[in-house]
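Structure record follows, encoded as structure tokens.
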Amino acid sequence: MPAPIAEELAKKQQSISVAEFFEKNRQILGFDSAPRSLITTIKEAVDNSLDACEESGILPDIMLHIKRSGKSGVVVIIEDNGPGIVKDQIPRVFAKLLYGSRFHALKQSRGQQGIGISAAVLYSQLTAGHATRIISKIGSQSPAHYYELMINTRTNDPEILKDEITEWDRPHGTRVEMEMEATYVKGRRQSVEEYLKATAIVNPHARLKLIDPEGDERIFDRATDKIPEPASEILPHPHGIELGTLMKMLRYTGRQRLAPFLRYSFSKIGLLTAEEICSASGLDVDMDPHTIEREDAKRLLDAFQKVKIMSPPTDCLSPIGEELIYKGLEKEFKVDFIATTTRTPSVYSGNPFVVEVGIAYGGNLQKDDRVNIMRFANRVPLLYQQGGCVTTHGVEGIKWKQYGINQPGGGLPIGPLVLLIHVASTNVPFTSESKDAIADIPEIQDEVELALKEVGRKLNRFLKKKGSLKKRKEKEVIINKVLPRMAEKLAETLDREVPDINPVVARVMGNLLVDRQLDDGNASVSLRTKNFGSKKVEFKLHEILPFQVEATPAPKVVSMGNDYDYIWKIVLKPGEAFAVNYQLPDPSDLDSIKEPPIVEGVEEEIVTGARAIKGVV
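So the sequence shown is numbered by the UniProt record's numbering: it starts at 1 and just counts up by one.
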């Protein structure tokens, strides 16, 4: 009699390792096309380097070198100055999926699952058939260890092909080299260069160097020497716990009584709060947590919602901060206006999070393009699946016309605009393992929209002021066309020299006047400033000369090659004036004073008699 079909089917059942699963489903991790596979590899390697450097208090210095290999392959080299990796850990870090130190840690970090870099190693061996080569060194007095590794996909264990000590000139750090089928592309938003540019903006403390397949170098230099404040690890919050998780915690806790279990297993539960929870659930504070069954656990979970429990602590987060977002945008974009905001921490399902937004407008940005949305999660750029991300939905939910930005059809706005949106959380709710988009969590979307409205109001004020200044400039142009003719006719009638009309223009326009007077007889110069406006002005007055002079009052002097920049910091109330005087070394030097003075920190539309430049006073 033949065996039952069920028995035959049972013989075919077998388990697979996580490495085997991702070997056949690599697209889940972001290895679904040649260009994207390269970006994903670099992203995972850079994330690891940045995290390691920050945790060790090291300013990151990361080098990326991409070489072509054959018709469809590349060799990727990533080298950092991090703390290095202990010898015994190197094989598991790079050649074992789901191996890492952050999965159980409740704090903000770039990586969580321990899949990233080992997935890149797996993709490398699948497409190129080569081992990944690693050098790591933990100190100047320690040897550099060289490994060649592959992943045994049946067991999800590292296969060590080579293990030896080598020479390496770095005092500490890690170097990874892998070959794979991938494509390097330029000129797209989804490219290696754009990824590094975005990374440099939200990690302004890092220095990134890219050497592309043509040998061209691009350096994204750091804008600050300040390393971000490290995030602290916290306990899970009761509002984010599900029934199955709670039952598991009860089963495996080392505590013998319920009240201490609650106090030392969750954040923001003290002695009194633990007693309130036990009372609300009808459970004894001294009962053994291991004896709690499903129904009692469910009552405990319900009590978490009834008892008032403080929000989770936020020192587990490390937001970028408004100042550094500003510096990052200023470093990578030439624009007319930047505004930033960091929202106060909020919570979804017990997970603390912070939303930060930066907006950049004008300058070299394209006027007729859709807004450039730069999305980030825990300081990592999100380059794909923009349409499925809560941050994009937040942008679409704003009525941008009320902030002076065109928004045809009510979708994404159009104009010379960059929007930077950063979500920092202990548990970013990604829509997939490839971590390309953030799920539509209502609390996150609300915070994104509030942050966008805040920077939108700042932009609207700037645009209104810009429109007003434009009208002023148009009025001044008309006055400058009419008054010179009137002055020439009057001078001709009275047989006198044509007068300087700048003081008249400044008075009519309500401008800041800068008037330079040259005295041929005494070989001296007088710079007079007067505020004809209705508001106080603060500015720096620059006089750039090819020689040294003695000036009153004494300026700050900055050497500029063969020239000297004389700088006075001036504050003028409405109607106030200020004069600067200096003597020339030789009367003939008057001929070398040709360029107008420079005013820094005041809009050019309200300055007469000088060249205005941007700057911070």
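Note that CB positions come from ideal geometry on N, CA and C, so glycine has one too.
- DSSP, read as helix, strand or coil, puts residue 556 in strand.
- The alpha-carbon of residue 270 is positioned some 40 Å away from that of residue 96.
- Restricting attention to 405, 523, 435, the CA atom closest to the CA of residue 452 is found in 405.
- For the pair of segments examined, the region 232 to 239 was found not to touch the region 50 to 64: the number of CB pairs separated by less than 8 Å stays below three.
- A direct Cα-to-Cα measurement between residue 135 and residue 43 gives close to 19 Å.
- Sequence-distant Cβ neighbours of residue 558 in its own chain, meaning closer than 6 Å and more than five residues away, are 565.
- Burial of residue 37 is indicated by the presence of at least 16 other C-beta atoms within 10 angstroms of its C-beta.
- The C-alpha of residue 201 is placed about 21 Å away from the C-alpha of residue 56.
- Put simply, the region 182 to 190 does not touch the region 307 to 326. Fewer than three CB pairs are less than 8 Å apart.
- Judged by DSSP in its simplified three-state form, residue 540 adopts strand.
- For residue 209, the enclosing beta strand (DSSP E) has its first and last residue at 207 to 211.
- Taking all protein chains in view, the Cβ of residue 82 is crowded by 16 or more other Cβ atoms within 10 Å, so the residue is classified as buried.
- In the DSSP assignment, residue 517 forms a beta bridge with 526.
- The continuous beta strand (DSSP E) containing residue 144 extends over residues 144 to 152.
- Residue 381 sits in a strand when the DSSP states are folded into three classes.
- From the listed residues 596, 571, 461, 510, the smallest Cα separation to residue 526 is found for 596.
- Contact annotation: residue 174 and residue 205 have beta-carbon atoms that are not nearer than 7 Å.
- Around the beta carbon of residue 399, fewer than 16 other beta carbons sit within 10 angstroms, so the residue counts as exposed.
- In the DSSP assignment, residue 65 falls within the unbroken beta strand (DSSP E) covering 61 to 69.
- Exclusion of the five residues before and after residue 264 leaves 255 as the residues of its chain whose Cβ lies within less than 7 Å of its Cβ.
- For residue 330, the three-state secondary structure derived from DSSP is helix.
- DSSP places residue 414 in the strand class (E or B) of the three-state scheme.
- Its Cα nearest to that of residue 586, the residue 523 stands out among 457, 612, 523.
- Apart from the 5 residues on each side of it in sequence, residue 385 sits with its Cβ closer than 6 Å to the Cβ of 436, 437 in its chain, given in chain order.
- Counted as a single uninterrupted DSSP element, the beta strand (DSSP E) harbouring residue 78 occupies residues 73 to 80.
- Under the 8 Å Cβ criterion, the region 352 to 359 does not count as touching the region 158 to 172, having fewer than three qualifying pairs.
- Boundaries of the beta strand (DSSP E) harbouring residue 132: 132 to 137, taken from the DSSP string.
- Residue 229 sits close to residue 318, with the two beta carbons spaced by under 7 Å.
- Of the candidates 94, 129, 41, 316, 316 places its Cα closest to the Cα of residue 424.
- Minimum Cα-Cα distance from residue 542 among the listed residues 613, 313, 535 corresponds to 613.
- Each residue's CA atom was taken as its position, placing residue 49 and residue 79 some 8 Å apart.
- Rounded to whole angstroms, the Cβ separation of residue 59 and residue 222 is 7 Å, and the two are in contact under 8 Å.
- For residue 504, there is no enclosing beta strand (DSSP E); the enclosing alpha helix (DSSP H) covers residues 502 to 509.
- As DSSP reads the structure, residue 422 sits in a beta bridge with 356, 376.
- Secondary structure note for residue 579: its beta strand (DSSP E) is the uninterrupted segment 577 to 583.
- Looking at 279, 427, 260, 528, the one whose alpha-carbon comes closest to that of residue 346 is 427.
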